[in-house]
Each structure stands twice: as C-alpha cells, then as structure tokens.
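Residue numbers (our numbering): 885 to 983. Notes follow once the structure below has been shown.
Here's what the structure looks like:
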C-alpha cells in the first residue's frame with residue numbers, strides 16, 4: 885500500500901486545572917496555555933465545493949483565540965473527544981470571564 889503519513893501533525897492536548905498543554909509529535913514542541921489567555925472560541929463551518937457545486941455538507945471546527953492574538957484549531961477529525969474538549973474549554977472560558 886502506497887502513501888505517506890505526516891507524523892508532525894499528530895497533536896496531543898492535556899487539560900489541567902489551570903491550563904492546557906499542546907504537545908506536538910513525541911513532545912518535541914510543547915505549548916502551555918493558561919485558561920485566562922483564551923479570549924474566545926469561534927466555530928467555523930468548512931464547506932468543500934467543486935465546479936459543479938457543493939461536494940458535501942461540510943464540517944465544523946473551532947478556532948481558539950488567545951489574548952496575544954494568536955489562535956489554534958481544534959477539529960473533530962483530529963480529536964475523537966472534540967466535543968468534550970470544546971465543552972471543557974467553554975466552561976473554563978465562562979468561569980474566567982465571570983470571575
């Protein structure tokens with residue numbers, strides 16, 4: 885079977901009490917983000933289209949906007965537990981803004 889796999893795109897997210905850690909493949913690049921650095925979570929719908937029109941119903945992903953104006957993407961095709969991750973992050977976002 886021919887093909888390739890981009891190992892550098894494998895990502896692990898570790899949720900902790902006060903922050904989350906994003907680990908790239910084998911922990912080579914880590915980024916720790918405190919929940920109070922999350923400004924917003926924006927949901928986007930991606931629709932694939934060809935010349936004849938829409939190919940599929942599309943899919944959703946979430947863009948996590950940070951206070952330093954950077955962002956990162958969470959999508960259901962990369963994380964089996966996407967819904968749980970988003971619910972957890974939204975609850976921490978709401979807790980930070982109400983405190």
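We treat Cβ as the ideally placed atom computed from N, Cα and C, and that holds for glycine.
Under 8 Å between C-beta atoms of residue 946 and residue 958: yes
Coil, strand or helix - residue 915 by DSSP: strand
Residue 970 vs residue 925 beta-carbon contact at 8 Å: yes
Proximity below 8 Å, CB of residue 898 to CB of residue 905: yes
Residue 894 burial status per 10 Å Cβ neighbour count (16 or more: buried): exposed
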